[in-house]
Structure formats: structure tokens, C-alpha cells
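From first to last, the protein sequence lines are chains A and B. Quick note on numbering: numbering that gives the first Met the number 0 labels position 544 of the first sequence as 543, and the sequence is numbered without any gaps. Quick note on numbering: numbering that gives the first Met the number 0 labels position 72 of the second sequence as 71, and the sequence is numbered without any gaps. Following: one structure in C-alpha cells, then a few remarks.
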Amino acid sequence: MKLSHNWLQHYIKFKLAPEQLSEQLTMLGLEVESYEHLGEKYKGFVVGQVLEVQKHPNAEKLSVCRVNIGKEVLQIVCGAPNVAAGQKVAVGLSGATVPKNQHDPNGKPFTLSHVKLRGVDSFGMICSEYELDLGPDKDGILVLDRKAKIGRSLSSYLGLDDVAYEIGITPNRPDLLSHFGVAREIGILTGKQPSLPKVKLRESTVSVAKHFSVKVEDKVNCPRFAVRVIRNVKIGPSPEWLQHALRAAGLRPRNNVVDVTNYVMLECGQPMHAFDYAQLRGSKIIVRQAKAGTSFRTLDGKEHTLPEGAVMVCDGVREVSIAGVMGGENSEISDTTTDVVLESAYWNPSSIRRTAKALGITSDAAYRFERGADPHATPYALDRAAELILQTAGGELLKGRIDIYPKKINERIVPLRTSRCNRILGTSLSSSEIVLCLKKLGIAKGKGSADKNFFRVPTFRVDIEREIDLIEEVARVFGYNNIESKTVAAIDLNHPFEKQILADRICDTLVGFGYQEALTISIQSEETSRLTGASPVVLMNPLGKEMSTMRTSLIPGLLEAAARNQSFGNTDLRLFEIGHVFRVDSEPQMVGNIREDERVCLFLSGKNLPRHWKSDSQELTLYDLKGEVADLLDACGLDSWRYIYYSTSETLAENPIFVEINGTTAGFLGKVKGEVCKRFGFEQEAFVAELTLSALKSDKKKKYTALPKFPKVRRDVAFVVDSNVTSEIMERCMKESGSGLLQEVELFDMYEGENLPKGKKSLAFTLVLQSQEKTLVDHEIDTEVRRIVTRVERELGAELRSS
Amino acid sequence: MQTKIAQLRQQVEAEIGSVTTEDQLEAFRIKFLARKGLVASLFDDLKNVPAPEKPMAGKYLNELRQRTQMLFDEKAASLKSTPHVSAQLDPTLPGRRKFLGTKHPLMQTLDEIKSIFVGMGFGIADGPEIEDDWHNFSALNFPPDHPARDMQDTFFVDRNILLRTHTSPVQIRVMENNTPPIRTIMPGRVYRNEAVSARSLCNFYQVEGLAVDVGITFSELKGTLLSFARRFYGKDIKYRFRPSFFPFTEPSAEMDITCFICRGKGCRMCKQSGWLEILGCGMVDPNVFTSVGYDPEKYTGYAFGMGIERTAALLYGVDDIRLFYENDVRFLRQF
């Protein structure tokens, strides 16, 4: 919200400089985001009067003027056709910066200095509206008001000797959405109480009740509704002071009546509305709920379809305003308005919010009402607005106000225990210190006992309902930085972060393998999310078609990242991401039927090693990935898993290999299908593995086993088998041979082709044998190897290859 | 004498040229420069030189000694910087490198934050990224139809289910599933319906903290966060806590530290204020305790939260947070 320094001074006198005020308000919770000296850019500009104008001796279009600027009379060369003696003009003095240069295509500012123009000295510049950045007119100089005081600074003449603050007001403090509201907080700083101007009204003898009536049907959403009627006003521009005030607060002046309603809102926080009396049929107002589907045009010219339950201000026939949100075009103040109905009301905040939200309207009024206005401010604002309209637009104020307020809203009585306050804050404040803090906020102590006091909370403080709310106020006034900082040693035993350890382990292992950790956006197009075949979670209000669903896999994100890297010439890629994936499940889950899993995805493509002079780097293959996955599972503390080669439910990879751990599928690895790579613009072979973290959790406690005491022996054997016998089957066959001595089987060679019959291949293994009891001797080793070989020959039709 | 000196000088010049190893250099030193070396022995001879010639001979001899020492020093320096090249081994050839893996800068930042809080006795918890209204809003004291809900632009899946807008729903889950004392941090990914720009993204990381026990005070909140900030940003930082508003804490505060880029003078990063906002915090609102069935009279607690992207961007001087999600390896390798 924008606030004017000068305007604040109307309610409370304070000597704080803008910088101090900003700092101190910020420390009270009113975050001053910035402030601006409005007149800054008119430094060095003054009001002058042209005394005489003579033709320039050497230039057709120029004139030489003598201009009185109060202290002295300057000679100024001027090119404007409209310059004339007697005019009051804006004079830029040497050293001043002209905000816009009308001879520059971009209007860049420039600084004035004493110059000679065609041989004649010029000691300043008479400026146009455009040059002063006050409007579009470039054709001539700006002529000021006849009454402007010679020598006065231009910024003062324009009402810009002011500072505008931009303050972020939190949504719990609607009472701060006005100058008076902020003045109250300044009161905390200065120890003075601010006050609103006293209203003095001159009413006519004609009673308002004779000419107007109000009926509130929806009493729940409209607890208070008040009007006054002013006849025979003259609509026109507002006086200078009012325009200046509104501009400083960031509003554009319109006409005197509308400006007054805005001024009063910015003064005391109560939004107002003015109707054209002539447009209110039946000279009455009825407040009631709209029929859903009714269409209504607001004063900004937009057509709306009213939602169920929208509260409307109606005349005898039709809707004339969306209550507390925005007035209607059909009854707005126009240049021809003569009689005005002024509304000041208090609306139920949630009703206003529902309506404004349903219609997508944001307005200053709705902003305040939905946060909560002050029901006690209604009559003051109404009278104040009436007073200012009489002042600025004239007219006759009918006697009395109509004020429908059936159920009085009282000040809240909130208890506060001194002990509780200290227990929350860690302070040792006394009861009287607390009372003093709250008194600065206008919160008075009522009844009380030793520890517990009751406080009367003014109605404008909608945020204070409970003891804790008062405690916050005590802390605020006492000063957060006056509360001592204390550290406490304690250990949480509820969250031994096992999941964290697993994720960290995976991350560290992969980084050790040379992977870069990537993080990709979890929201993607529905087309991409559907690639996995899972049913994606679709957003109701997406940013666009490309960002409309939640990812079902981490693979597409990494493919996109890979493609981007490839386009920058980085083609050797090892990437991984740990993140959540989502899908709609048929079963109910923790949240709705959304299944959310944390996964790790490995992506690799390109060469296995950087180029080196001594040895070649090689293209990565599926076996590089398969090995790294096995190492990763090892690192997770898993000692048994199974690969499943035949499932085909994976849609992103060809011939995927599934990893099964303890009977559940943990994920898969494989080569990304060419068409999938292409879809993401990646033009290389790529391999991915995607595993669910929860499946990688090992329940096994780490436990020591005694180290073997006797040496290992190694024997190599090679078999010729049918091509369709896999290495895994052969390994299993050897391991299941019942040999207690066989510790490991390592495949070290595979060969197909020349010297072998068609349909056959050769596989060579190293058998590692070891006994727990003794050092094996040759004949024991030979017997054992023979036993294993015989089994493989018998079971798999293999033939031992003579070496 | 002068002839002797000249001869020795020639010898020195010739022999230094053929020195190629440390060993040869050492032999050279012993031969010429040692206490009983050839140069020293000429000094011994000096006493036999006739008096008139002595000054001149002494001068030449000193020059010889200096020259020899200089040649020795030069050679020693050059031997140190010249590799031993032989037919078998050129040690200047490049070694075999690997592709270096790196952890994502956001995760590195998060790790650092986590380790500080873990060091102060906090546990780590997590929760789902897709949440229901209860955990994300209602239980956190955001009443329905309240403007506070506008503070966070929300992606909805349906009327009740949404992408969590902060990590605070994990507070609710932690409290629902545990009894105090609780001291835990909750890192994770959150979502806001905001157009992607250099300063905002539709998803980002936060870390939340929660402490609930008998006797926890605002004073302890300040102490804990101050310890964190001093450890993370440096022990000499200046700081301030100023009042703010979050529906789920009261009193609520924001913590600022002096801008470490301009040291409080005012710069673009701190919007000329000299202060950087680093986190939001406050005492757990009694309504939140009531939502999870804790007795607000018995327990008090504090909560805090901070954004990781902003923290990492400040720390590393990254001026466009989109870089964190583009995964350009040239970027990732810088951390």
C-alpha cells in the first residue's frame, strides 16, 4: 500500500525522517518496501513569471525572455510559440535535470547549464508539460496557474514536497490499510495518540427519510448499512489538495465526489460508494442476495454473471452494486449527476471474499472488506465524506442519516495471563508492563485479578480474538529484538532419519561413480506424463498445456536435460535425479488415490571415460549401467536381488531388465527406445535405470562375519553350449551343484563365431574355491571342479572346452 | 694466481653445463663449493700471494666464488622445474581423468542447512508433495475463505487435493504421528502457481523446522535461529527479527541479516535496504495444536521455514534461479 508522509501528518505530528520512519515501522511489522521523495525530480525547478518577450536577433523561431524567479530576473532563450509576458511558468535553473528531452527519441533526461543560443546567453529553460513528465504536450511551454507564487519550488507548487512509502501490509491487519491506521502505529513510536478530524456538518431542514429508504434483507452478510443523501452537487474536478493527496497515494483523481469517497477510504480505511440518486429507481435501496446467473455490468464496463449467494445492493427494481466489491455502471456518478446517495456499510468478510473470488474482481473496497472493516467506522466515514463533498462539490445535505444496524457489534473482551505471556515469549514482564504495552495500541485493561487481566479490544483490530493474539501485540510493542536469545540443548529421538541416510547413500555413491545430480521440474505436459502408461495426476488450474500434469517418471526430465546438454556439445553424460513421481491409483492412498513414490533415476550416454592418449575411451553400453546398478544396490546394503528379463510393461525402454528385491519390483534398467530419445531431441544411444527408493531400503543390520582363514584357489573352465543358454542359467547351475567349496563364479569371456559350430557359443568362467576348515590340496580341487563341470554338462548339454 | 683462477673458472663453466641430475649437481657442489672444494682451496692459496697482488687476486677470487654459487643456484632451480625425461617415461603427459560427479548445488546448500540443525539435535522428516486441504491449509489455521490463502498461489488437483504450497503440512503429519518432545526439520519440494521467471519457479525447495515441548519460548526460537544463521552465514553477522504474519504461527517473525554482498550499505540484492530476509518463523499457533489434538496449554513450540533456491542463489551469486533446473553440466560442475 502507498502512503503519503504529509498525509500521515494530518493525524499525528511526528518528526521522524523517512528513513527512520521506514526502519521503525518495519520493526513493528509494517514492512516498508521502499520510499520515494516525490519532488526529487523537480529539484532546481521554480515558478517564474515572464516579464518581457523579445525576438531573438539571430533566430526566427526563438525569443529572448526576461523571467522573474523571485530572487532575481533571468534572461532565458525560449523556442515555444506560446510564450508571452505575464505568464507564470515552470523554470528549470542551471544544474537541474529536465526529466524528458523532447528532442530525443527516447525522451532521455538531460541537465541544464548556462548556454549561448545563437550568440545570446540563456540562464535556464522554460519547460513544456512533456519535458516535465507531467503529460504529453510538447507544442508549447506549460502555463501555470495565475495565482502561483513567484519563486516557489515547482515540486511544492505541484504538491510533491512529499514522500510516498510503499508498505507491505500482512493480510491479518486490515486496520492498517489507511493513513489513520498507520498513524496509530506511529503513535506507538512517538507515544502520542493520533486523532481524526472532527466533522462539522451543515444539514438542510429536509429529512433524508422523506426522500430515501433502505431495507436490508440479508442481515447476516450486511450487519450495518448507512446512507446520506446530498442534493444539487456540482460534479467537477477536485481541488488541488485533494488531487495531490490521491496522487501521492497512487490513485488517479476522477471527479470531486468519487475522489472524496476514495480520500475517506484512504483516510480512515472505510470503503465508500456514491450512487447517482436519479438512477436509483423507487428512491430506495434493498440489500439482498442475487439470483445465480443474473448478469450485471460493473462500472469498469465489464459484464459479470453473478454467482449464488452474491450480496447485491439493489434499487426498487434491479441490482445497482455488488456489495462491497464494485458499483454498477447503471448508477455511477457521471458529469450530469446532481443528487448523490452516499453508502457506508460493513459487510461480512467471507461473503465478500467468496463473491470477489468467484467473479475474479479485485478492488480496493473488496480488499478491505474481505479482510475486515471496522463496523464502528461506518457513520464517521459517511459524515466525513458528506462534509468533504459539501466542501468540494457544494449541494444540500439532507437531514440525518439512515443507519441500519440491528445488532450492535461490541468490543471484544480478551483475557491475558501474565504467566502465559512470559511462558510463550521467554520474558519476565510484569502485569503492569503488559498493560502499558497494550495501552499504546488503544487496548485498555478491564477487570483483572493477580495473573489474569481482561482487555477491551477495539473493533478495528479484527485480528485480535485470543490470548495468543494479545501476546503477539505485547511482543511487538516490547520489541522482538528486546527479547533475549537463548539456546537449548535437546535431541530429537522421533525421527532417526533412515530414509535420509538411504537417499544420501545413493547420492554419494552415484556422485562417486561420476554422475552429476540433476533436478528437473515435476510438472510437465500430459503427453509426456502418459509416455509411461501410468495415469497421470492432472492439475485443475495449470500454467499451460506444457505444464499440466505431474511427472510419472524421472526419465523424461533427464532426457530433456540431456538434449539441452547435447546441444551445447556435451555428449558424455552421466546424470541422476532423486525425486517424487505421481500417478492416479485405483486404491485409496495417503492423499486421495494419488500414489506418490520417491525414485532415483540414472541416465547415461556417450563415452565411459574422458579421452586419453594412452587408452581409448569406449561407448557406454547397457552393461556399464547394469554394473553400476549392481554396485549401487550393494552400496545400499542389499545382498540379494533378481533380474527379470521377460516383462514387457515398460514403455520407455527396449528389452528392459527389471530389478526384483525381496519379491517386489524395485524398478528397471534398459536402453531408451530410439523414438523416445527422438521425441526429446536427444540423438544418441541412452541408457536409464529408475528405481523406487522404498524398495532399496535394507532391513539387514550390519553384522560382522569372521574372515576366512584359508586361501582361495581359482580354476578357469570354458564350456561350449547352445547359444540360447544364458550365462545366468550356467552360473546358477554351478552354484546349485551342492559344492560347499564354490564361493564365486565369474564369467570372464564369451565367444561366438569362427571355430565354433553354428548355434553354439563358448563361455569361460573362473571358479573360486575355498574351504573354511583347511587349505585345499590339488586332488580335492580337481574332484570338486569335475563335479561342477559334470553337472553343467549333464544339465545344460554343455561341453568342456579343452584348453 | 690469476691464471689459476681463470682456469678454475673455465672448469666451473664447463662442468656446470654437463650437470643434468640432482646427483651430478651435488657432486659439482662438493667439488667446487664445499668447505674443502676447489674454490675454497684457492682462498687458502691466497696467503702465498705477494702483498701488492693480494687485493686484486682477492677480488677475482670472490667473483669466482659468487659466479660458481650463482651457476649452482640456477642449475638447482632449473633441475627442480625440469622433469626427468627418459625414453620410458614422460611424466608431463596428462594423467587419466574420470568424469567428476557432483551433487546439485541446491542439495549441497540443503545438506549444509541440514547438518547444522542435526548438530543442534533436530531429526529429519518428510511428507507427500501432493497434499490435501487439511494438511496444507485448514490444520495450519488458514480458515476457508480467508485472504491468507491468497498469499500462496495454489495448483489444485481437485477441490480438496493440491500440490503443497509449503513444507508446513509436514509439521501437521509429524505432530499427528508423534507425541512431544519434537524437534525436526522437514526439507522438500513445494509448488506455487507462478509463471516461470528469473526470480520465481513453479516448483522449489523449502526446509521447515518444528520444535514442540513443554516450556519452549520465543526466546529459544531466537537463540536457535541465531545459532543457525551465525553458523551458516558467518559468526559476525548482524541480525534482526521483525514482526510478520503467518496463519500457523503467533507471534510471527521474519529474520533479516545484514546483506553480505554490500555489508549493509544497500545494493540490488537487498533492494537497497542493507538487510536480507533469510527466513520466516514464529511460535506455533494454539489453533494448530488443537488441530492435531495437542493441548495448547501444556505444549508450546516454534516453527520456521526458508527457501533453498533463494539461499543458494545468494550464497553462490546465481542471478537466475532457472539455472538450477536446466541441469547444464557446465553449470553443475561449478559446484
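Each residue gets a CB set at the ideal place from its N, CA and C atoms; glycine is no exception. Computed from a predicted structure; not experimentally measured.
- Taking residue 250 of chain B as reference, the option from A:569, A:27, A:316 and A:179 with the minimal CA-CA separation is A:27.
- The stretch 101-108 of chain B makes contact with the stretch 506-518 of chain A: 3 or more CB pairs, one atom from each, lie closer than 8 Å.
- Residues of chain B with a Cβ closer than 8 Å to the Cβ of residue 370 of chain A are, in chain order, 146.
- Buried is the label assigned to residue 658 of chain A, since at least 16 other Cβ atoms lie within 10 Å of its Cβ.
- Going by DSSP, residue 303 of chain A is part of the beta strand (DSSP E) stretching over 302-304.
- For residue 184 of chain A, no chain B residue has a C-beta closer than 8 Å to its own C-beta; the minimum C-beta separation is roughly 11 Å.
- Classified as buried, residue 0 of chain A has 16 or more neighbouring CB atoms from the shown chains inside 10 Å of its CB.
- Judged by beta-carbon spacing, residue 456 of chain A lies within the 7 Å limit of residue 463 of chain A, meaning their Cβ atoms are closer than that value.
- Residues of chain A with a Cβ closer than 7 Å to the Cβ of residue 225 of chain B are, in chain order, 484.
- Residue contact with chain B for residue 491 of chain A: present (Cβ-Cβ distance below 7 Å to some residue of chain B).
- At a Cβ-Cβ threshold of 7 Å, residue 3 of chain A and residue 161 of chain A count as neighbours.
- The residue from A:112, A:381 and A:306 with its alpha-carbon nearest to that of residue 321 of chain A is A:306.
- Secondary-structure assignment with DSSP links residue 36 of chain A through a beta bridge to A:162.
- For residue 456 of chain A, no chain B residue has a C-beta closer than 9 Å to its own C-beta; the minimum C-beta separation is roughly 15 Å.
- For residue 156 of chain A, there is no enclosing beta strand (DSSP E); the residue is part of the alpha helix (DSSP H) that begins and ends at 153-156.
- Residues of chain B whose Cβ lies closer than 7 Å to the Cβ of residue 522 of chain A are, in chain order, 201 and 202.
- Taking the beta carbon of residue 182 of chain B as reference, the chain A residues within 7 Å of it are 489 and 491, listed in sequence order.
- In summary, residue 141 of chain A is buried, with 16 or more beta-carbon neighbours lying within 10 Å of its beta-carbon over all protein chains present.
- In this structure, residue 536 of chain A lies near residue 156 of chain B, with their beta-carbon atoms less than 7 Å apart.
- Within the model, the alpha-carbon separation for residue 213 of chain A versus residue 152 of chain A is close to 50 Å.
- When only Cα atoms are considered, residue 107 of chain B and residue 311 of chain B end up about 9 Å apart.
- Within chain B, the residues whose beta carbon sits less than 8 Å from that of residue 516 of chain A are 100, 101, 102, 103, 106 and 331, listed in sequence order.
- Taken atom to atom, the span from the alpha-carbon of residue 329 of chain A to that of residue 147 of chain A is near 40 Å.
- Note on geometry: alpha-carbon atoms of residue 93 of chain B and residue 569 of chain A lie some 21 Å from one another.
- Taking residue 274 of chain B as the centre and dropping the five residues before and after it, the same chain places the C-beta of 239, 255, 256, 257, 258 and 263 closer than 8 Å to its C-beta, in chain order.
- Residue 129 of chain B has a beta carbon lying within less than 7 Å of a beta carbon in chain A.
- With contact defined as three or more Cβ pairs closer than 8 Å, the stretch 154-169 of chain A and the stretch 337-345 of chain A are not in contact.
- For residue 228 of chain B, the closest Cβ of chain A is not nearer than 7 Å.
- Taken in chain order, the whole beta strand (DSSP E) runs of length 3 or more contained in the stretch 196-271 of chain A are 202-206, 212-215 and 223-230.
- With a cut-off of 8 Å on Cβ pairs, the stretch 188-195 of chain A is not in contact with the stretch 28-46 of chain A, counting fewer than three such pairs.
- If you look at residue 74 of chain A, you'll find it in the beta strand (DSSP E) that goes 72-77.
- Between residue 138 of chain B and residue 290 of chain B, the C-beta gap is smaller than 7 Å, which places the two residues in contact.
- The continuous stretches of beta strand (DSSP E) do not include residue 467 of chain A, which lies in the alpha helix (DSSP H) extending over residues 466-477.
- Spatial neighbours of residue 127 of chain A in its own chain (CB-CB distance under 8 Å, excluding positions within 5 residues in sequence) are listed in chain order as 79, 101, 136, 137, 138, 139, 140 and 141.
- DSSP places residue 531 of chain A in the helix class (H, G or I) of the three-state scheme.
- Under the Cβ criterion of 7 Å, residue 101 of chain A is not counted among the residues facing chain B.
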